[in-house]
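Novice:
Numbering (this note's numbering), first residue to last: 67 to 252.
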């Protein structure tokens, strides 16, 4: 006796191909749903960034010095201020760069370069001089917020061993300066 099936229920022999089609539809719907979610997430992220840039000055840029068509530093400062960019990372703390950001209100990260790591790691006096020349000479008029030590130095064997000692010496040098004392009080 042949089994009768409800019109909305597939017989078992047809279920295989229909199940494959259903799986394809489910995958397609999931992809559409995920893509829509991704677009919504992108919009939310974009809106958050605009909000932060407008109200909190949380957008920052890197200031590299390699190139043949670099803006003069004063123009770079004006460009950042006009675009509400409130944070800057300087890869090589040159005096003209640090002077250009005097009274700009832009928060700056100054970096100890990889080439400076070995000398700073081996001598507290060198670290003290670096902090005196690169930080104390410009702070507080130049809003130096942080010091970074090295650039991907841990990935490079010739620099990796110097990072921690250099970091320690810079920290000791900072702890003996008014700059660090004021920063710790905030």
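Each residue gets a CB set at the ideal place from its N, CA and C atoms; glycine is no exception. Bear in mind that the values here come from a model prediction, so they are computed numbers and not experimental data.
To which residues does DSSP link residue 214 through a beta bridge?
Specialist: Paired residues: 177.
Novice: Nearest CA to the CA of residue 238: which residue from 127, 189, 129, 147?
Specialist: Ranking 127, 189, 129, 147 by Cα distance to residue 238 puts 189 first.
Novice: Alpha carbon to alpha carbon, how far is residue 183 from residue 160? Give it in angstroms, no decimals.
Specialist: Spanning the two alpha carbons is a distance of roughly 16 angstroms.
Novice: Mind pulling the beta strand (DSSP E) runs of 3 or more residues that sit fully within the segment 193-243?
Specialist: The segment 193-243 contains these whole beta strand (DSSP E) runs: 210-215.
Novice: Check this for me: beta carbons of residue 164 and residue 208, under 9 angstroms apart or not?
Specialist: The answer is yes: Cβ separation under 9 angstroms.
Novice: Can you check whether the C-beta of residue 243 is within less than 9 angstroms of a C-beta belonging to chain D?
Specialist: Among the protein chains of the structure shown there is no chain D, as only one such chain exists.
Novice: Assess contact between the segment 204-224 and the segment 163-179, defined as three or more Cβ pairs (one per stretch) separated by less than 8 angstroms. Is contact present?
Specialist: The answer is yes - the segment 163-179 touches the segment 204-224, with three or more Cβ pairs under 8 angstroms.
Novice: Closest to residue 176 by C-alpha separation, out of 156, 228, 127, would be which residue?
Specialist: Taking only the C-alpha atoms, the option nearest residue 176 is 156.
Novice: From what residue to what residue does the alpha helix (DSSP H) around residue 154 run?
Specialist: Premise fails: residue 154 lies in the beta strand (DSSP E), 153-156, not in any alpha helix (DSSP H).
Novice: Quick one: what's got a C-beta closer than 8 angstroms to residue 266's C-beta in the same chain, skipping five residues either side?
Specialist: A query on residue 266 cannot be resolved here, the shown segment of the chain reaching from 67 to 252 and no further.
Novice: At which residues does the beta strand (DSSP E) containing residue 128 begin and terminate?
Specialist: Residue 128 -> beta strand (DSSP E) spans 126-129.
Novice: In angstroms with no decimal places, state the Cα-to-Cα distance between residue 200 and residue 146.
Specialist: In a straight line, the C-alpha of residue 200 is about 22 angstroms away from that of residue 146.
Novice: Looking at the structure shown, is residue 137 part of a helix, part of a strand, or coil, going by DSSP?
Specialist: Residue state, collapsed to three classes: coil.
Novice: Is residue 170 helix, strand or coil by DSSP?
Specialist: Looking at residue 170 - three-state DSSP - the assignment turns out to be coil, as it is neither helix nor strand.
Novice: Three-state secondary structure (DSSP) at residue 143?
Specialist: In the structure shown, residue 143 sits in a helix (DSSP, three-state: H, G or I).
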